[in-house]
Amino acid sequence: MVLLSNQDEVLSRDKDNEAQTEELKLGYRRCEYMLIYELTRYAILCSERDNQEKALELLRKAEVFYHDNKAQESLPPIPSGTRLSQLDDLNSESSKDMFTYVLFYLGQAYKIRGEKEKAVLYLHMVLRRQLEKGDYNNITWGADTAKMASVLMINVQAYQTARGMLVASTAVLSANPEEEKSSDHFRQTWADLGRAWVKFGVALLEASCDRLRDLEEQTKKAIKFEDKMTFTKHEKLSLEIGYEQEEYDTLLLIRELKFPSLDFAQFDESEMSGRFVRDFDEGRAVFLATQKWVNIAKEYYVIDEFATDYIDIITDYSESFKYLSFFEPGLDRQIKMHRRRINLLEELLAALNPKVYFDIFYHLLRDLAETYEKIYKLKVEEIKDRGESLRPKDKKLVKWLTDAADAHKRNLEVFEFDMKNPAKGFNQEYEKILLACILSIGRILGGICHDHPLHPNAIEYADDAKNYYQYFLDYLDRRPALRQDFRILYEGTLDMPELLDNQVKKIKHRLRMLNLA
Amino acid sequence: MTNIKVALRVRPLSQRETEANYPVVVAVENNSAFITDIRVPERPSADSRQRFRQFDFDHTFWFSNNGILGAASQHQVYTEMGPHLEKAILSGYNACLLAYGQSGTGKTFTMLGSKDEPGIIPRLCQSLWDKLKAKYPATGGKPGFSMEVSFLEIYREKVRDLLNPEKSLKLREHPQLGPHVQGLTRLEVTGEISLLNLLWEGERRRASGTTSSNRRSSRSHAIWTLYLTVHNNISHSHPDDVANNNASTSRRNQSRGSPARIITNQVHLVDLAGSEKADCTTAKSLLAEGADINRSLVALGNVISALAEKAQYIPYRDSALTWLLKDSIGGNASTSIIISKSLLFLLPTCQYEILCKINSRKIISNLLTLYHHIYVILPKAASPSSHCHAQTLNSLRFAQRARLVENTPKINLASATPSYSYGPYGYLSVMSAMELKKDITRLAKIIKTAQN
Numbered sequence: 001m002v003l004l005s006n007q008d009e010v011l012s013r014d015k016d017n018e019a020q021t022e023e024l025k026l027g028y029r030r031c032e033y034m035l036i037y038e039l040t041r042y043a044i045l046c047s048e049r050d051n052q053e054k055a056l057e058l059l060r061k062a063e064v065f066y067h068d069n070k071a072q073e074s075l076p077p078i079p080s081g082t083r084l085s086q087l088d089d090l091n092s093e094s095s096k097d098m099f100t101y102v103l104f105y106l107g108q109a110y111k112i113r114g115e116k117e118k119a120v121l122y123l124h125m126v127l128r129r130q131l132e133k134g135d136y137n138n139i140t141w142g143a144d145t146a147k148m149a150s151v152l153m154i155n156v157q158a159y160q161t162a163r164g165m166l167v168a169s170t171a172v173l174s175a176n177p178e179e180e181k182s183s184d185h186f187r188q189t190w191a192d193l194g195r196a197w198v199k200f201g202v203a204l205l206e207a208s209c210d211r212l213r214d215l216e217e218q219t220k221k222a223i224k225f226e227d228k229m230t231f232t233k234h235e236k237l238s239l240e241i242g243y244e245q246e247e248y249d250t251l252l253l254i255r256e257l258k259f260p261s262l263d264f265a266q267f268d269e270s271e272m273s274g275r276f277v278r279d280f281d282e283g284r285a286v287f288l289a290t291q292k293w294v295n296i297a298k299e300y301y302v303i304d305e306f307a308t309d310y311i312d313i314i315t316d317y318s319e320s321f322k323y324l325s326f327f328e329p330g331l332d333r334q335i336k337m338h339r340r341r342i343n344l345l346e347e348l349l350a351a352l353n354p355k356v357y358f359d360i361f362y363h364l365l366r367d368l369a370e371t372y373e374k375i376y377k378l379k380v381e382e383i384k385d386r387g388e389s390l391r392p393k394d395k396k397l398v399k400w401l402t403d404a405a406d407a408h409k410r411n412l413e414v415f416e417f418d419m420k421n422p423a424k425g426f427n428q429e430y431e432k433i434l435l436a437c438i439l440s441i442g443r444i445l446g447g448i449c450h451d452h453p454l455h456p457n458a459i460e461y462a463d464d465a466k467n468y469y470q471y472f473l474d475y476l477d478r479r480p481a482l483r484q485d486f487r488i489l490y491e492g493t494l495d496m497p498e499l500l501d502n503q504v505k506k507i508k509h510r511l512r513m514l515n516l517a
Numbered sequence: 001m002t003n004i005k006v007a008l009r010v011r012p013l014s015q016r017e018t019e020a021n022y023p024v025v026v027a028v029e030n031n032s033a034f035i036t037d038i039r040v041p042e043r044p045s046a047d048s049r050q051r052f053r054q055f056d057f058d059h060t061f062w063f064s065n066n067g068i069l070g071a072a073s074q075h076q077v078y079t080e081m082g083p084h085l086e087k088a089i090l091s092g093y094n095a096c097l098l099a100y101g102q103s104g105t106g107k108t109f110t111m112l113g114s115k116d117e118p119g120i121i122p123r124l125c126q127s128l129w130d131k132l133k134a135k136y137p138a139t140g141g142k143p144g145f146s147m148e149v150s151f152l153e154i155y156r157e158k159v160r161d162l163l164n165p166e167k168s169l170k171l172r173e174h175p176q177l178g179p180h181v182q183g184l185t186r187l188e189v190t191g192e193i194s195l196l197n198l199l200w201e202g203e204r205r206r207a208s209g210t211t212s213s214n215r216r217s218s219r220s221h222a223i224w225t226l227y228l229t230v231h232n233n234i235s236h237s238h239p240d241d242v243a244n245n246n247a248s249t250s251r252r253n254q255s256r257g258s259p260a261r262i263i264t265n266q267v268h269l270v271d272l273a274g275s276e277k278a279d280c281t282t283a284k285s286l287l288a289e290g291a292d293i294n295r296s297l298v299a300l301g302n303v304i305s306a307l308a309e310k311a312q313y314i315p316y317r318d319s320a321l322t323w324l325l326k327d328s329i330g331g332n333a334s335t336s337i338i339i340s341k342s343l344l345f346l347l348p349t350c351q352y353e354i355l356c357k358i359n360s361r362k363i364i365s366n367l368l369t370l371y372h373h374i375y376v377i378l379p380k381a382a383s384p385s386s387h388c389h390a391q392t393l394n395s396l397r398f399a400q401r402a403r404l405v406e407n408t409p410k411i412n413l414a415s416a417t418p419s420y421s422y423g424p425y426g427y428l429s430v431m432s433a434m435e436l437k438k439d440i441t442r443l444a445k446i447i448k449t450a451q452n
């Protein structure tokens, strides 16, 4: 720190010299700037050495110091050429930039500490300041804002804000000059933005469904922010919180996060709205927007090169069909949506190597089984609505159910299920899920012989169901601890083999009667 | 069932170290290492830290100062560690051998060695070649097995093919193959000589990117992979074969006892970068994620933590290294898949002052501790401001954090940040904490005087 040591010398040597005292006074003021800068650098070092508390403390000090000393009037400029002209006073533009960095690091520090609410507020302020200054890179700014939106999306009540962020990100990225749009970085960021939009669309549809279903556990997914927040005087200045209160409602503050300097009216209208969906038309609008972004994301994240990302996109896409179908009044169209879903999932499963992606497989197969069953239920409903009997459609209906059971069976295959060997255990992590699969197979196949007794293979399915139930019981018999967890299901299942036997007898009897008749 | 062996190898003092008369703080006896913490005073008073710590290993290899009794040569190291590895490989399992340690501790010497004193890799390759030739002889003009090799380097998250450096490689994820390096050269080995030649040639290329301040090879990870394909598996009664279950195995006949099977397995031999760079800039730094001084090593630690804690999400994708070794360090599979992989962790040469903290011999926690509790105190680290001391504490704290990793859903705010890599005046100049501290006090004093 050559400057300062020289300054000391000057101090001691020419203390009474008027002109130099003046220069010194200005110098002192500019020391303030250096102090903030150095505090920040020291904080970074502390954080590198894992002393996060100290780092935060230093940054807070810098924040306080900045606000306390900024209020003084601007200094006259120092003639260039002197050593001190390199420094600046706290009211200048470069000070503002430096303070933006301080805010950035504060946001990081809060994030590390786990105070995500404050982190969000600070980091948003940084983005806003960057925008207002006009000093930002389109691509990185867009990427950062999209990521922030993803964070906000986890809380249902912050959806509008998240949407605002996504719109801002879209606006800024679109404003990128054409030449840059062909760069890999841009293409990836644009695709990531697409994924964020898709997730938003799906989350919005899901939340809308939950809301209308009036479920008790509507907020089961929401990781809540802290309800209330308090700020020091300086923090309020940093975050430009205009009004005084004892405590602030976190969500209100988050909802107020905007980018006033950005004009994105055109994007605002064309992108999906952030309001909850109430009927099919609104749902369709959200869906179509989601679909558009899915296609954009798929352009970059092709399956051959980014398999996991592609899987993620397709999974979200298939979910959007699921939620849209909730709003669709027509049964036949609902069925169509579910069929689209099946196509997506089957296509994906066919492309993947089960050994490499087995953990994804079991999710997909479960979704698949669920969808097949759903279609079955809808078809039955459709037929009943028309007042027809189910019998003529037996084969087709049962096909849906056997497909569902097959999906569960495929799941079991991935985990090397051996019907004849209940002693062989599954990996603990998947045990419960697989047992649930087994039970589902039993239920579905058992259901066939109950609801469609005159199907040619009804007896075969009944026997199969019995085997699965028996396996379930045997498996749990050997594992008393697990049996305890499954107690209710176990007890309910105890009677099933016998019931199925009776069912089979009934069917055989009926067939005999029909043959005799 | 554990397949993980932990070994410690201590290298001899260098001439500089002997001349400077540094105290020796490591003692080895019967597969245990005893480490002295020289900072802790001898008297049993206020300081609650222990002065001596004992750590147990499966193997220890000790070099004494003058190379006398008990000194472990390359041959001896291989004799103890090799057979277990060979057996696993020849049975059809995948294997992965990683060498971890600070720069200068002898990782490369242990793994590769020199032409006169070959290390584990050349010995293993030679031995495998000989054994495979004997076990699966050529029949009807067709070879009984084939061996291919690839050699790549990960430096600052970029992958370079050491068998063909002009090629640029990309990390891709294929739906059938999983994560792999697109365009990686795989050369067929025709004899043990060509195998070793490829090895030395690749290693030479690795070192060729040296900068003046740091040997590039000490900052890059090198992965040498053997791909073995056995065309005729005559021994169908081997019990382990049934459990053979890995991502890249292609089995035509799955039934037990089938006379003709094609088994492929991979052996990854990894010489990691010097670990002294790994502890800084962990995920919890104020600096943005762009600064990946040694992201791969840090990510590896994170993956192991996650596996040990049985976390729902294992962050394989955080770095190139963990992404590529995903199927070798898998832990979220069913038991059979884990068994089929044989992981061998070798802690090679440590400097005499290395403090290794390995608490127990439980499978994954061994991995964990190996990765995160190793740190070095150099002689001049008496002052608290030294880089190594900080790194020491970093390792400990990271280890502590890693141990406390909880399986709770966490908001991924990690990526929701504006991208500033460096401060307002460009790259942070290297100023020590002490200097900054002094400066800050001085500035504050000046300002105070001015305000009065």
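Sequence order for the protein chains is A and B. The opening position of the first sequence corresponds to residue 1 in UniProt numbering, with each subsequent residue numbered one higher. The opening position of the second sequence corresponds to residue 1 in UniProt numbering, with each subsequent residue numbered one higher. From the three backbone atoms N, C-alpha and C, an ideal C-beta is built for every residue, glycine too.
Any C-beta of chain A under 7 angstroms from that of residue i
{"i": "residue 124/B", "result": "no"}
{"i": "residue 440/B", "result": "yes"}
{"i": "residue 263/B", "result": "no"}
{"i": "residue 390/B", "result": "Any reading at residue 390/B must be qualified, since the residue scores a pLDDT of 34, below 50, and its modelled position is unreliable; no value is offered."}
{"i": "residue 19/B", "result": "no"}
{"i": "residue 312/B", "result": "no"}
Cutoff 7 angstroms: residue i Cβ touching any chain B Cβ
{"i": "residue 102/A", "result": "no"}
{"i": "residue 32/A", "result": "yes"}
{"i": "residue 457/A", "result": "no"}
Under 9 angstroms by beta carbon: chain A residues contacting residue i
{"i": "residue 172/B", "result": "304, 305, 306, 307"}
{"i": "residue 315/B", "result": "The premise fails here: residue 315/B is roughly 12 angstroms from chain A at the closest Cβ pair, so nothing lies under 9 angstroms."}
Amino acids of chain B, ordered along the chain, whose beta-carbon sits closer than 8 angstroms to that of residue i
{"i": "residue 35/A", "result": "440, 443, 444, 447"}
{"i": "residue 38/A", "result": "436, 439, 440, 443"}
Candidates the options: closest to residue i by CA position
{"i": "residue 569/A", "options": "500/A, 487/A, 388/A, 414/A", "result": "In the structure displayed, chain A extends from 1 to 517; residue 569/A sits before or after that span and is not available."}
{"i": "residue 436/B", "options": "145/A, 33/A, 465/A, 40/A", "result": "40/A"}
{"i": "residue 271/B", "options": "107/B, 443/B, 74/B", "result": "107/B"}
{"i": "residue 518/A", "options": "342/A, 283/A, 164/A", "result": "Coverage of chain A is limited to positions 1 through 517, which leaves residue 518/A absent and any answer about it impossible."}
{"i": "residue 47/A", "options": "113/A, 66/A, 97/A", "result": "113/A"}
{"i": "residue 254/A", "options": "386/A, 286/A, 387/A, 119/A", "result": "119/A"}
{"i": "residue 157/A", "options": "207/A, 176/A, 192/A", "result": "207/A"}
{"i": "residue 191/B", "options": "148/B, 96/B, 320/B", "result": "148/B"}
{"i": "residue 176/B", "options": "291/A, 361/A, 182/A", "result": "361/A"}
Neighbour list for residue i in chain A, Cβ cutoff strictly below 8 angstroms
{"i": "residue 266/B", "result": "The contacting residues do not exist; residue 266/B stays about 13 angstroms from chain A at best."}
Nearest-angstrom beta carbon gap, residue j and residue i [assumed within contact, 8 angstroms]
{"i": "residue 150/A", "j": "residue 199/A", "result": "7 angstroms"}
{"i": "residue 324/B", "j": "residue 179/B", "result": "6 angstroms"}
By the 7 angstroms beta-carbon criterion, what residues does the stretch 331-357 of chain A contribute toward chain B? 351, 352, 353, 355, 356
Select from the stretch 42-53 of chain A all residues with a C-beta closer than 8 angstroms to any C-beta belonging to chain B, and list them in chain order. Cβ contacts with chain B: 42, 43, 44, 45, 46, 47, 48, 49, 50, 52.
Contact set between the stretch 152-180 of chain B and chain A, restricted to residues whose Cβ is under 9 angstroms from the partner: 170, 172, 173, 174, 175, 176, 177, 178, 179
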